[in-house]
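In this note's numbering, the protein residues as written are 2 to 372. Step one of this worksheet: look at the structure below.
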Ligand code: V47
Ligand code: SF4
């Protein structure tokens, strides 16, 4: 395959291609050059090499469902179509019993993971959120609980007067297995002040994930792209994640999240094209050489783009979800009731030329499906 990488017209790109072929890390300047100068076919080729090196011909998914406990949120991120302040007629929240009822609906289904993320509720404390984990754990001991973004964690832990380490250790005792990647948005401080000024700082987001990793709680990382950022902001974001991963090794997957414009305060920014989505998957795959997995979150980008993303560096399609999330449908995603059967996901993966693998939350193989 690397023979195809000779005679690239641009010497800078040739040097980067040689580095990728030789398994050498590319610099932030080189990452930026890829975003700015590389054509999509070259990016696909390079990301394909990096992807196959890490994950061979496999593409992963899991069987999961979401619980979104509330849309009440103390923050007011300008890109968010989901949140409402407490007291707003369109605000809502589930009681713990109602959330347990959601878990019970899956009693006869072979799901392996519950993903819990919602707004930052103004008044529940860490013990309320901890006891939810404990009740889920008691009801379904084997399920992996991936819960609470760093932003929700920051609020509940700070309110409790605990240190990040104490708060995370307590939640782990209650049943927390891993942390989802939300709340990272874009780390550049100037942009962050514009798009989510009240939110957990970038430094704190990274500190929470670092501490979690030190406590044996692995996590994911996201990047919200396609709004008012430029390529240098994306490279800055990826560099901060790559640096932390060098130190802890605790990230399972990186998930680029495409900004969706419906019904939020940043609609003026519009949405980027599918070509830009693929470019972003590819550069992320090439640049994040210490992340094992790049996830294409299909409820956000659609099934078709999720399939193509596998050829541009992604190796994971998240899960079956079973119509349990609204965050993206409210922001304008074409997936209004996101749910896929195992057969649906396997078909997408096979159509893209890869071997479907059902994984657990830590990417251990559960079942490899024949091609
Ligand atoms: O942090 C909110 C994003 C995130 C919009 O870890 C938006 O496996 C685009 O983090 N357009 C929460 N994005 C969701 C999240 C996530 C999703 C799937 C898997 C995992 C995982 C984590 O949703 C927020 C924010 O970045 N978001 N509004 C919007 N209009
Ligand atoms: Fe709240 Fe999350 Fe929406 Fe920000 S993105 S307003 S923290 S629900």
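Virtual Cβ for every residue (Gly too), placed ideally from N, Cα, C.
Along the chain, where does the beta strand (DSSP E) that runs through residue i open and close?
i, result
"residue 253", "252 to 259"
"residue 116", "114 to 117"
"residue 318", "317 to 322"
"residue 144", "It is not in any beta strand (DSSP E) - residue 144 carries neither H nor E in the DSSP assignment."
"residue 369", "366 to 369"
Where do the ends of the alpha helix (DSSP H) carrying residue i lie?
i, result
"residue 226", "Not the alpha helix (DSSP H): residue 226 falls in the beta strand (DSSP E), residues 219 to 226."
"residue 104", "97 to 106"
"residue 356", "Counting along the chain, residue 356 falls outside any alpha helix (DSSP H), though it belongs to the beta strand (DSSP E) covering 356 to 360."
"residue 308", "304 to 310"
"residue 86", "First-last for residue 86: undefined, no H or E at that position."
"residue 270", "That residue, residue 270, is in no alpha helix (DSSP H); it is neither H nor E in DSSP."
Please say whether residue j and residue i have beta carbons closer to each other than 8 Å?
i, j, result
"residue 80", "residue 269", "no"
"residue 183", "residue 115", "no"
"residue 222", "residue 242", "yes"
"residue 286", "residue 276", "no"
"residue 299", "residue 318", "yes"
"residue 331", "residue 290", "no"
"residue 343", "residue 369", "no"
"residue 112", "residue 66", "yes"
"residue 224", "residue 187", "yes"
Give the secondary structure of residue i by DSSP, where H, G and I count as helix, E and B as strand, and everything else as coil.
i, result
"residue 229", "coil"
"residue 334", "coil"
"residue 128", "helix"
"residue 161", "helix"
"residue 295", "strand"
"residue 213", "helix"
"residue 249", "helix"
"residue 202", "coil"
"residue 455", "The displayed coordinates of the chain run from 2 to 372. Any statement about residue 455 would go beyond what the structure contains."
"residue 179", "strand"
"residue 174", "helix"
"residue 94", "strand"
"residue 282", "helix"
"residue 351", "helix"
"residue 343", "helix"
"residue 136", "helix"
"residue 372", "coil"
"residue 363", "coil"
"residue 149", "coil"
"residue 235", "helix"
Are the C-beta atoms of residue i and some chain C residue less than 8 Å apart?
i, result
"residue 56", "Absence of chain C from the displayed structure is noted, only one protein chain being present."
- Item | Segment contact, 8 Å Cβ cut-off, at least three pairs: the region 197 to 214 with the region 169 to 185 | Note that the region 197 to 214 touches the region 169 to 185; at least 3 beta-carbon pairs, one per stretch, sit closer than 8 Å.
- Which parts of the region 28 to 82 are runs of the alpha helix (DSSP H), unbroken and 4 residues or longer, counting only runs that do not cross its ends? The qualifying runs are 29 to 38 and 41 to 56.
- Query: Can we say the region 40 to 50 touches the region 74 to 89, given the rule of at least three CB pairs closer than 8 Å?
  - Reply: With the rule of 3 Cβ pairs closer than 8 Å, the region 40 to 50 does not count as touching the region 74 to 89.
- Query: Are three or more beta carbon pairs between the region 88 to 102 and the region 67 to 78 nearer than 8 Å?
  - Reply: Yes, they touch.
- Query: How do the region 128 to 138 and the region 44 to 56 stand: do at least 3 beta-carbon pairs fall below 8 Å, yes or no?
  - Reply: Segment contact: the region 128 to 138 against the region 44 to 56, fewer than three CB-CB distances shorter than 8 Å; contact not assigned.
- Message: Tell me whether the region 100 to 108 and the region 345 to 359 touch, counting them as touching only if at least three CB pairs, one residue from each stretch, are closer than 8 Å.
- Response: The answer is no - the region 345 to 359 does not touch the region 100 to 108, with fewer than three Cβ pairs under 8 Å.
- Can you find at least 3 beta carbon pairs, one from the region 303 to 315 and one from the region 332 to 350, that sit closer than 8 Å? With a cut-off of 8 Å, the region 332 to 350 and the region 303 to 315 count as touching, because enough Cβ pairs lie within range.
- Task: Answer yes if the region 134 to 142 comes into contact with the region 160 to 171, meaning at least three C-beta pairs across the two stretches below 8 Å, and no otherwise.
- Result: Contact between the region 160 to 171 and the region 134 to 142 is absent, because fewer than three Cβ pairs lie under 8 Å.
- Task: Spell out a yes or no on whether the region 5 to 23 and the region 249 to 258 are touching, meaning 3 or more CB-CB pairs, one atom from each, closer than 8 Å.
- Result: Taking 8 Å as the limit for Cβ pairs, the verdict is that the region 249 to 258 does not touch the region 5 to 23.
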